[in-house]
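Q: Counting in UniProt numbering, the sequence shown runs from 1 upward without gaps. Glycine residues also receive a C-beta, built at the ideal position from the N, C-alpha and C atoms. Source: prediction; values computed, not measured. Structure below; questions to follow.
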Amino acid sequence: MAVIPANVLKEAGIDEGAFIMAVSGGDMNQAFQIRSKNSRYFLKCHENPPSRFFQKEARQLSILGNIAGVNVPEVVRFGNHYLLLAWVEGNLALRTEAKLGELIADLHSEKGKSFGFDEDNFIGTLPQYNAWMERWIDFYKDYRLLPQLNEANKRGHLPKGRKKKAHQLVENLHQWLSEPAYPALLHGDLWAGNWLAGPGGAPYVIDPAISYGDPAFDRAMMALFGGYSARTMDSYHEKIKREAQEEEIMPIYQLYFLLVHLNMFGEMYGSSVDRILKRYVG
1 MAVIPANVLK EAGIDEGAFI MAVSGGDMNQ AFQIRSKNSR YFLKCHENPP SRFFQKEARQ
61 LSILGNIAGV NVPEVVRFGN HYLLLAWVEG NLALRTEAKL GELIADLHSE KGKSFGFDED
121 NFIGTLPQYN AWMERWIDFY KDYRLLPQLN EANKRGHLPK GRKKKAHQLV ENLHQWLSEP
181 AYPALLHGDL WAGNWLAGPG GAPYVIDPAI SYGDPAFDRA MMALFGGYSA RTMDSYHEKI
241 KREAQEEEIM PIYQLYFLLV HLNMFGEMYG SSVDRILKRY VG
């Protein structure tokens, strides 16, 4: 049975008499719903997280929350071993899916000066490296694909043929990708489990891995594992136009997320990686 460490209870300021219930918290953290006299909270904690893991998540939520139209859970408190958020309670409403598309479009309308981000963060349980670069394709190559390929090689997930094809694709990204119109703020990990319905059916996004880049990168993750309705995508595209070559570039961006899953969960994702490599480099 999951138990909140005493030091986390103290640092987070949780009352001794609070009601505590374990809830789902993803692949890495313990998670709890906390009910005190007047408030409800969501607590994530970990005995030995990577350096500044929760501090970085709190900062990213604050960045997203400062954008008009983007809802995130309020950051209440955080420390080296925990993140305490306001509990978001709600239900799907008639307009929730359409509003979700609007929210993501508002996020992607936020323009940066360059591609990348000012500090490293995390994608799932893995480090995600960042820097500022003038060209998106170079950033995607150097700070997204190559680090995951290097990690896959260390973990024994790059047999000779896969490794050769992967590096052939990486060195020829310009054949398929073009530079986006501007550096858009990206959530970075928009699978369908990273949003929820709040009060009045308003959508909220959680667990970001942000950077500035091509909006199609987020859309690729949205499409990879499904869970987004046509209503959401139609609402999104009322604000953000469809790419002319969308179907051609999606798998190249999905390759990143599949490499992440390959490194986190193993060879069960290897065949999906291989299919993308075969499509582009034979």
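#1: In whole angstroms, give me the CA-to-CA distance for F78 and Q168.
#2: Can you list, in chain order, the residues of its chain whose CB lies under 6 Å from that of P5, leaving out five sequence neighbours each side?
#3: When DSSP builds the beta bridges, which residues end up paired with G79?
#4: So does the region 130-147 actually touch the region 211-222, counting three or more Cβ pairs closer than 8 Å?
#5: Determine, using beta-carbon pairs with one atom in the region 251-264 and one in the region 148-162, whether at least three such pairs fall under 8 Å.
#6: Where does F225 fall in DSSP's three states?
#7: Using 8 Å for Cβ pairs, my map puts M264 next to L126. What's the rounded Cβ distance?
#8: How long is the line joining the alpha carbons of Y228 and A192, rounded to whole angstroms?
#9: Helix, strand or coil, according to DSSP, for K241 in the structure here?
#10: Report yes or no: do the region 232-250 and the region 113-132 share at least 3 C-beta pairs separated by less than 8 Å?
#11: Return the Cβ separation of A184 and K239 in integer angstroms, given the expectation that the two are a contact with Cβ distance under 8 Å.
#12: Applying the criterion that 16 or more other CB atoms from any shown protein chain within 10 Å of the CB defines a buried residue, is H174 buried or exposed?
#13: Quick check on G116: buried or exposed, where buried means 16 or more other Cβ atoms within 10 Å of its Cβ?
#14: Checking contacts by CB at 8 Å: is H174 closer than that to chain B?
#15: If you reduce the DSSP assignment to three classes, tell me which class P127 lands in.
#16: Just to confirm, is the Cβ distance from R144 to Y41 under 8 Å?
A: According to the structure data:
#1: CA-CA distance, F78 to Q168, rounds to 43 Å.
#2: none
#3: Y82
#4: yes
#5: yes
#6: Looking at F225 - three-state DSSP - the assignment turns out to be coil, as it is neither helix nor strand.
#7: Confirmed, about 7 Å.
#8: Going from the Cα of Y228 to the Cα of A192 covers about 7 Å.
#9: K241 falls in the coil class under three-state DSSP.
#10: Segments in contact, no.
#11: The pair is not a contact, with the Cβ atoms about 12 Å apart (cut-off 8 Å).
#12: exposed
#13: buried
#14: Of the chains in the structure shown, none is chain B; there is only one protein chain.
#15: strand
#16: no
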